[in-house]
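Just below is one structure, and these are the notes that go with it.
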Amino acid sequence: MLYFIITWTCLTIVLFLLGINLLRICKADCFDRRGDRALAAIWLGIVGVALLWLAVSLVLPLSPLIGWGVAIALAVLSLFSQQTRREIVAYKSIISPRSILVFLSLQLLVAILTTQQIVWFDTGLYHLGSIQWLSKFGAVYGVALINPKFGFTSSWFAFSAPLIPDFVGNRVGAIANGFVFLIAVIHWIITLTRLLKNQARLPDWFYFVYAGILIGVYFVTTFTGSPILISFSPDVSVNFLIGVIAWTILFIYQIKSVSINSICHRIIPLLVACGTVAIKLSALPLLPATLLFYSGVKPVKFQRLFWGIALIILLLLPVNLVAIKTAACPLYPSKFMCLDLPWSVPAESTKEEAGEIQFLGELAQEKSGILQVILAYWKLLDDNEFKIIILLLALSLIFSGLIIKNSSGEKWLILIGILGMTFIITQSPLLRFGIGYFIVIPSLFIAEVGQIQLSKIQPLINQKQLRVQLRRSEKIVPLVLLFIAGTIAVQNDVKSRWLLPADLPTAQVIKRKVNDVQYAYPRNWTVKCWKYPLPCAHVPVHNVKLRDPERGIGGGFVNTKSGQKYLD
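Mind the numbering: the sequence shown is residues 562 to 1129 in the numbering used here, read in order.
Encoded structure:
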């Protein structure tokens, strides 16, 4: 846990410095409260550094030395701006021993939760493998030939790679997802405080409801057999960032002192959306919504639209380049725009990977008619998770008509929700891929109702007495949090994690050699590679050899199967 706390503290400082500088460059004055501005800076820093490290992986391995070195160097450079330094100094007034104690207590509580043993299937199957490749070699030519899932490009794996030094050995925990969860909890507590002090705006109400649902869901699932929070799954960060984008849009419309048509602050949701798409393609629905938001409507400003598209292409270029380098397909596992290169993934492998994550795509490949599609969805109704999806969809559609549209901000959230739900249901109807889309509209509805109802009962509350009680609570809460964290930390099953997280499961593998490639693969499908030394495949591999024998596995792999086109 100590390793997590030290890493998270350093991350918070570096991301805050980088994010504050980005907000200054974008002239994003819509965040008029220091707490909101600091949170926006950290969220922006998360997606920015993840994308930066992914770009670095094209030329350098993402070792802790290189990853942290690049991030710290940029953070130091940001301090050369006098305006940035002045803004950072202003935060001294809100930093107190009490706030530091709360921060450390929350870190300890989240560390206790997320240093448990990782058992998430996909993390053992390919998440940790992808992170290891990035950490030791960067983006590797043809690595998808070893395991087709290594072709899935995610800046979240790049974000995680420098956070796992060699000295931790097999004691790897959910350090990246834990950090996002920590920031989300801190953000939620700040909004809760504002609600209690009667200082909350609509964005605060929205985030309080939205993040409260997500935090509750992820917390409860940690007591199940396979919690997604305790993993390196990109889905966790994507779902929280969906809410952050919606929160930012509402903020822009709430601040009357800032011109709605100002191009500067409207770029923030688009920047975060691009960074979220780089984490996982399930965030694609965010792009059209935030692009239109940036461009403006009534009328659409085509010059902004052009520059917005150019920005998307530029920011997502590292994702495409890494995908080309690892699998020869810029949109892997889609075969669209795939290149015929020596390290191209066989067409059947690409089709199989696409079929696993694309519900309608698989039906389309089978040339199914409309009746077959309807029947396929009808069969899904037997699944409890799909029933929840349909329920949330119905509630979202009903609430969309009931939401008080007193500004255009709500319309953008409705657009994000509808686009996202449509995408998830048609592509891969699993709630974990996009639960954020399904709770955006209900959260907005509850937020508006809550804000209205509180305003009605506000005159009945003794404000003076309430303020006195809150001041007393502010003094007691940090000590209570520390007491709870300390009590849990001394339990026998937690003591072993005081320094480092729990050990990963043991990999049972078979060693093989194909051509000049020595590799290993699990003894059966229920056993994953986890952090077994590279290269480790998920099944026996064939027709693969080293691309550059002198450089070894770091030089990449090529397909030796001759006389056949791999991209049909």
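From the three backbone atoms N, C-alpha and C, an ideal C-beta is built for every residue, glycine too.
Any idea what DSSP makes of F1118, helix, strand or coil? Sequence index remark: in the sequence shown, residue 1118 carries index 557 (1-based). Three-state DSSP puts F1118 in a strand.
How should R659 be labelled, buried or exposed, when 16 other C-beta atoms within 10 angstroms of its C-beta is the threshold for buried? For the purposes of this step, residue 659 is identified with residue 98 of the sequence shown, where counting begins at 1. R659 is exposed by the Cβ-count criterion.
How is C835 classed by DSSP in three states: helix, strand or coil? For this step, residue 835 is matched to residue 274 along the sequence shown. Note: C835 maps to helix in three-state DSSP.
Helix, strand or coil: which one does DSSP assign to Q1052? Residue numbering aside, residue 1052 sits at position 491 when the sequence shown is read from its first letter. Three-state DSSP puts Q1052 in coil, outside helix and strand.
Straight-line CA distance for A672 to V1055? The sequence position of residue 672 within the sequence shown is 111, counting from 1. The sequence position of residue 1055 within the sequence shown is 494, counting from 1. One C-alpha to the other measures close to 10 Å.
Evaluate R1073 with the Cβ neighbour count: other Cβ atoms within 10 Å of its Cβ, from every protein chain shown; 16 or more gives buried, anything less gives exposed. Working through the sequence shown from its first residue, we reach residue 1073 at position 512. Classification of R1073: exposed, given that the 10 Å Cβ count is below 16.
Considering just the uninterrupted stretch of the alpha helix (DSSP H) at I965, what are its terminal residues? Here residue 965 refers to the residue found at position 404 of the sequence shown. That residue, I965, is in no alpha helix (DSSP H); it is neither H nor E in DSSP.
Less than 7 Å between C-beta atoms, sequence neighbours within five positions excluded: which residues of the same chain meet that for Q815? As a first step, residue 815 must be located in the sequence shown, where it is residue number 254. Excluding residues within five positions, the ones whose Cβ falls inside 7 Å are R762, L763 and P764.
How big is the Cα-Cα spacing for N733 and F793? As a first step, residue 733 must be located in the sequence shown, where it is residue number 172. As a first step, residue 793 must be located in the sequence shown, where it is residue number 232. At residue 733 the sequence reads Val, which differs from the Asn that was named. If you take the alpha carbons of V733 and F793, they lie about 10 Å apart.
Buried or exposed (CB count within 10 angstroms, at least 16 for buried), M898: In the sequence shown, residue 898 corresponds to position 337, counting from 1. Per the 10 Å Cβ criterion, exposed.
Buried/exposed call for A925, threshold 16 Cβ in 10 Å: For the purposes of this step, residue 925 is taken as the residue at position 364 of the sequence shown. At A925 the pLDDT is 49, less than 50, meaning the model places this residue with poor confidence; the figure from the coordinates comes in the next sentence. Per the 10 Å Cβ criterion, exposed.
Alpha carbons only, please: which of N1053, L706, L695 and L689 is nearest the one belonging to F1118? Position 557 of the sequence shown, counting from 1, holds the residue named residue 1118. When only C-alpha atoms are compared, the closest one is L706.
So is R595 buried or exposed if we call it buried at 16+ other beta carbons inside 10 Å? Within the sequence shown, numbered from 1, the residue matching residue 595 stands at position 34. When all chains shown are included, R595 counts as exposed.
In whole angstroms, what is the alpha-carbon distance linking T714 and I885? Indexing the sequence shown from 1 puts residue 714 at position 153. Indexing the sequence shown from 1 puts residue 885 at position 324. Spanning the two alpha carbons is a distance of roughly 10 Å.
Just list the residues that DSSP pairs K1072 with in beta bridges. The count along the sequence shown starts at 1 and reaches residue 1072 at position 511. Bridge partners of K1072: A1081.
Quick one: is D943 buried, meaning 16 or more other Cβ sit within 10 Å of its Cβ, or exposed? As a working mapping, residue 943 is identified with position 382 in the sequence shown. Label assigned to D943: exposed.
In the DSSP output, what is V883 paired with across the bridge? As a working mapping, residue 883 is identified with position 322 in the sequence shown. Answer is none; V883 lacks a bridge partner.
For V680, three-class secondary structure by DSSP: Counting from one through the sequence shown, the residue named residue 680 turns up at place 119. DSSP places V680 in coil when its eight states are reduced to three.
D597 burial status per 10 Å Cβ neighbour count (16 or more: buried): Stepping through the sequence shown from its first residue, residue 597 is reached at position 36. D597 comes out buried.
Whole angstroms are fine: how far does the CA of P1110 sit from the CA of P1096? What you label residue 1096 is simply residue 535 of the sequence shown in a count that begins at 1. What you label residue 1110 is simply residue 549 of the sequence shown in a count that begins at 1. When rounded, the distance between both Cα atoms is 14 Å.
Under three-state DSSP, which class holds V1105? As a position in the sequence shown, residue 1105 is number 544, starting the count at 1. Correct three-state label for V1105: strand.
Assuming the contact rule is C-beta atoms closer than 8 Å, L621 and G690 should be a hit. Round their C-beta distance to whole Å, please. Along the sequence shown, read from residue 1 onward, the residue named residue 621 stands at position 60. Along the sequence shown, read from residue 1 onward, the residue named residue 690 stands at position 129. Not quite, the Cβ-Cβ distance comes to about 19 Å (not below 8 Å), so this is no contact.
Candidates R827, R865 and I581: closest to G609 by CA position: Residue 609 sits at position 48 when you count from the first residue of the sequence shown. Taking only the C-alpha atoms, the option nearest G609 is I581.
Taking a contact to mean a Cβ-Cβ separation below 8 Å, would you say L876 touches F984 in this structure? One-based indexing of the sequence shown puts residue 876 at position 315. One-based indexing of the sequence shown puts residue 984 at position 423. Not in contact: L876 and F984 (Cβ atoms no closer than 8 Å).
Rounded to the nearest angstrom, what separates L963 and V637 at their Cα positions? Position 402 of the sequence shown, counted from the first residue, corresponds to residue 963. Position 76 of the sequence shown, counted from the first residue, corresponds to residue 637. Their backbone Cα atoms lie some 48 Å apart in a straight line.
Measure from the alpha carbon of K1106 to the alpha carbon of each residue in D796, A834, K588 and N1120, then state which is nearest. As a working mapping, residue 1106 is identified with position 545 in the sequence shown. Taking only the C-alpha atoms, the option nearest K1106 is N1120.
How big is the Cα-Cα spacing for V770 and R1112? Indexing the sequence shown from 1 puts residue 770 at position 209. Indexing the sequence shown from 1 puts residue 1112 at position 551. When rounded, the distance between both Cα atoms is 52 Å.
Is DSSP giving I574 helix, strand or coil here? Translated into positions along the sequence shown, residue 574 becomes position 13. In this structure, I574 counts as helix in the three-state DSSP scheme.
By Cβ distance, which residues of its chain are closer than 6 Å to K653, with the 5 residues on each side in sequence left out? Taking the sequence shown and counting its residues from 1, the one referred to as residue 653 is at position 92. Excluding positions up to five away in sequence, the list is empty.
So, at 6 Å on beta carbons, what are the nonlocal neighbours of K710 in its own chain, with the 5 sequence-adjacent residues on each side left out? Here residue 710 is taken as the residue at index 149 of the sequence shown, counted from 1. If we look at K710 and ignore the five residues flanking it on each side, its Cβ neighbours are Y687.
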